[in-house]
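What follows is a short report on a single structure.
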Amino acid sequence: MPELPEVETIVRELRMKIIGEIFTEFIPIWSGSFVEDKKLTLNGRQIEEINRKGKYILFNLNKGYLITHLRMTGQLIVRDSVPDDKKHLRLIFTFKSGKYLLYYDLRKFGRIYHTIDSEKVLQNTGIDALSEDLDGMRFAELMKNKTTLIKPFLLNQKYIAGFGNIYIDESLFRAKIHPQTKVSELSPTMIKKLFSESRNVLLEAISRMGSTISDYKTTGGGFGTNQNFFRVYQRNGLPCLVCDTMIEKTFVGGRGTHYCPKCQKMNN
DNA sequence: CTAATCACCTGAAGGC
DNA sequence: TGCCTTCAGGTGATTA
112 MPELPEVETI VRELRMKIIG EIFTEFIPIW SGSFVEDKKL TLNGRQIEEI NRKGKYILFN
172 LNKGYLITHL RMTGQLIVRD SVPDDKKHLR LIFTFKSGKY LLYYDLRKFG RIYHTIDSEK
232 VLQNTGIDAL SEDLDGMRFA ELMKNKTTLI KPFLLNQKYI AGFGNIYIDE SLFRAKIHPQ
292 TKVSELSPTM IKKLFSESRN VLLEAISRMG STISDYKTTG GGFGTNQNFF RVYQRNGLPC
352 LVCDTMIEKT FVGGRGTHYC PKCQKMNN
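Its first residue numbered 112, the first sequence is counted upward by one per residue in my numbering.
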């Protein structure tokens with residue numbers, strides 16, 4: 112479900128709602144969603160910080176971490192009570208204050224890890240796409256000696272973490288780069304353009320609370336609005352907003368890929 | 001090393 | 001109405 116902007120939106124809300132909360136009870140409705148460390152206890156632990164790396168959310172406890180990846184359909188919802196309708200509700204965390212953190216996940220792909228070793232969970236996660244340490248130079252550096260295509264490169268979280276299918280298509284469109292361009296064939300100018308446009312795409316999406324296609328919800332159960340501003344994603348068959356050419360859909364790296372055949376040529 | 005395919009799950013949508 | 005196929009904000013393992 113969520114890519115960086117959706118996860119960032121959730122993190123910002125969680126910080127306002129449950130920093131300082133103390134866990135009192137944990138009810139696994141579908142225990143497959145939870146990866147426990149039997150040496151750790153959750154009850155009595157307090158949430159000190161909530162951070163994000165790529166698409167992971169890290170709850171920094173006074174001992175250990177809860178780390179979650181929502182994959183396709185995971186949702187974190189904060190409520191004052193547990194609703195009667197428990198469809199797709201997988202985990203219930205109860206706080207001392209009486210609040211609840213509810214984990215929903217229709218497809219059961221997501222996980223919440225309870226661990227002391229956050230590095231182990233994040234070992235294949237590269238630099239965050241919005242990290243202050245990621246600039247145009249470093250972005251270009253990461254692309255050096257890569258033989259893959261630009262779309263699979265950006266999908267691979269071990270290089271840069273946070274991009275997913277939507278925002279890659281949108282970023283490549285704005286940078287006027289064909290999704291099947293080889294990374295090695297991108298000029299320094301195009302790489303610079305891709306870096307700055309991808310930041311714009313992510314920051315704009317965050318300002319709109321993310322994109323709700325089907326499952327993504329904010330922690331209060333609300334929706335994002337960025338889906339109303341897509342330029343290519345799911346706009347196949349519709350005219351390009353720049354040149355009126357029909358947006359096409361194909362498959363790159365096994366993922367549905369939307370692009371304008373006129374604006375995004377293989378050679379500039 | 002990359003690249004393709006499957007696996008993990010459930011449900012919505014479209015074709016017939 | 002119903003059955004069947006395909007596809008979906010992701011990623012990890014396996015196979016070629």
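Beta carbons are placed, not taken as given, at the ideal position from N, Cα and C, and that holds for glycine.
Can you check DSSP and say which residues form a bridge with residue i?
i      : result
TYR408 : No answer is possible for residue 408: the residues shown for the chain start at 112 and end at 379.
ALA69  : The structure shown does not extend to residue 69, since the chain is modelled only from 112 to 379, so the question has no answer here.
PRO139 : LEU202
PRO350 : MET357
ILE161 : PHE170
Does DSSP classify residue i as helix, strand or coil?
i      : result
TYR167 : strand
LYS149 : coil
GLU296 : helix
GLU117 : helix
PHE264 : helix
PHE334 : coil
GLU132 : coil
ASN154 : coil
SER318 : helix
VAL312 : helix
VAL343 : coil
MET127 : helix
ASP280 : helix
SER144 : helix
SER307 : helix
MET301 : helix
Using a Cβ-Cβ cut-off of 7 Å (strictly less than) and excluding sequence neighbours within five positions of residue i, which residues of its own chain qualify?
i      : result
THR330 : ILE121, GLU124, LEU125, LYS128, LEU187, ILE188, VAL189
LYS376 : HIS289
ILE324 : GLN338
LEU151 : GLY175, HIS225, ILE227
TYR270 : GLY237, LEU253, PHE264
PRO372 : THR356, GLU359
GLU281 : VAL312, PHE341, ARG342, VAL343, TYR344
Here's a check: name, in chain order, each residue in its chain whose Cβ is nearer than 8 Å to the Cβ of residue i, leaving out the five neighbours to either side.
i      : result
ARG156 : ILE133, PHE134, LEU172, ASN173, LYS174, GLY175
THR292 : LEU260, ILE261, MET377
ASN311 : ARG285
ILE297 : The amino acid occupying residue 297 in the given sequence is Leu; Ile does not appear at that position. If we look at LEU297 and ignore the five residues flanking it on each side, its Cβ neighbours are MET254, ILE261, ILE288, LEU305.
Quick one: residues in its chain with C-beta nearer than 6 Å to the C-beta of residue i, no 5 flanking neighbours on either side, listed in chain order?
i      : result
PRO139 : PHE145, LEU202
LEU217 : THR184, HIS199
List, from N- to C-terminal side, the beta strand (DSSP E) runs of 3 residues or more that fit wholly inside the region 170-215. 176-180, 185-190, 200-206
Can you check the region 213-258 for any beta strand (DSSP E) of at least 3 residues that lies completely inside it and give the ranges in chain order? 222-226
Below 8 Å, how does it come out for the region 198-210 and the region 234-245: are there three or more Cβ pairs, yes or no? Segments in contact, no.
At least three beta-carbon pairs within less than 8 Å, the region 168-184 to the region 221-237: yes
Take every Cβ of the region 275-285, pair it with every Cβ of the region 112-119, and state whether three or more of those distances are shorter than 8 Å. yes
Three or more C-beta pairs below 8 Å linking the region 346-355 and the region 229-242: no
Contact between the region 251-258 and the region 329-346 is defined here as three or more beta-carbon pairs at a separation below 8 Å; is this criterion met? In short, these stretches do not touch, since the Cβ pair count stays below three.
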